[in-house]
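Student: Just passing along the structure, written as structure tokens.
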Amino acid sequence: MSKRRVHVREASHATRNVLIAIFLIVLSAVGVAATGALNGFLNPQPASFPVIIHAYDAALASTPEVVTSPDQLVADATISMANATVLAGPPLSFTQTTPSGVLAPSSPIAVGTYHVGVAKDGYAPTEFLYVVGPNCDRKDSVGNCHIWIAMNKTPSP
Numbered sequence: 702m703s704k705r706r707v708h709v710r711e712a713s714h715a716t717r718n719v720l721i722a723i724f725l726i727v728l729s730a731v732g733v734a735a736t737g738a739l740n741g742f743l744n745p746q747p748a749s750f751p752v753i754i755h756a757y758d759a760a761l762a763s764t765p766e767v768v769t770s771p772d773q774l775v776a777d778a779t780i781s782m783a784n785a786t787v788l789a790g791p792p793l794s795f796t797q798t799t800p801s802g803v804l805a806p807s808s809p810i811a812v813g814t815y816h817v818g819v820a821k822d823g824y825a826p827t828e829f830l831y832v833v834g835p836n837c838d839r840k841d842s843v844g845n846c847h848i849w850i851a852m853n854k855t856p857s858p
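For the sequence shown, the numbering used here assigns the number 702 to the initial residue and increments by one for each residue that follows.
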């Protein structure tokens, strides 16, 4: 007598493979998110940066390199704007005269966007926005943010 065989259809492995793929994608996304969060936690960015403000006479700058070298800590004395009044606006607020054309506030400035300006008799006032932060313009090798402010003489009447 022959045994009757019952053919049981095996479940397709496709469903199982799709579920495994979805699980791996979700696990990878969670891993990437956790890595990003840990990186910010383990390597925090400073909340403030030292800022050095250089006011100079644009007509006396001999070459663009004189005012664009980020590692130059002091402006060329021949172009520096002595006795110029530097103004910084919200959120920080100060007005200070630069005896040498270079001004370094006594404490680092908090990360943010500031209105910065310079005024001096015989020169057109200059004002612009400057972003202080880890990617500030003209940052030197030790982490100082340098603000270079060009002053132009006003035409004589």
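Beta carbons are placed, not taken as given, at the ideal position from N, Cα and C, and that holds for glycine.
Only a predicted model underlies this, so the values are computations on that prediction, with no experimental measurement involved.
#1: In three-state terms, what does DSSP make of residue 882?
#2: Does the structure place the region 721–731 close enough to the region 806–824 that three or more beta carbon pairs sit under 8 Å?
#3: Please report how far the alpha carbon of residue 755 lies from the alpha carbon of residue 747, in whole angstroms.
#4: Please state whether DSSP places residue 749 in a helix, a strand or coil.
#5: In this structure, does DSSP put residue 813 in helix, strand or coil?
#6: Would you identify the three-state DSSP class for residue 719, choosing helix, strand or coil?
#7: Taking only three categories from DSSP, how would you classify residue 781?
#8: Compare the C-alpha of residue 757 against each of 749, 734 and 782 and name the closest.
#9: Check residue 805 in the structure and name its three-state DSSP category.
#10: When you compare only the Cα positions, how much space is there between residue 831 and residue 732?
#11: Rounded to whole angstroms, what's the CA-CA distance from residue 780 to residue 761? Just pull it up for me.
#12: So, using beta-carbon positions, are residue 749 and residue 811 closer together than 8 Å?
#13: Run through the DSSP bridge pairs and tell me what residue 759 is partnered with.
#14: Using the Cα positions of residue 818 and residue 844, report the straight-line distance between them to the nearest angstrom.
Tutor: Straight from the coordinates:
#1: The structure shown does not extend to residue 882, since the chain spans only 702 to 858, so no value can be given for it.
#2: no
#3: 23 Å
#4: strand
#5: strand
#6: helix
#7: strand
#8: 782
#9: coil
#10: 36 Å
#11: 5 Å
#12: yes
#13: Bridge partners of residue 759: none, in fact.
#14: 22 Å
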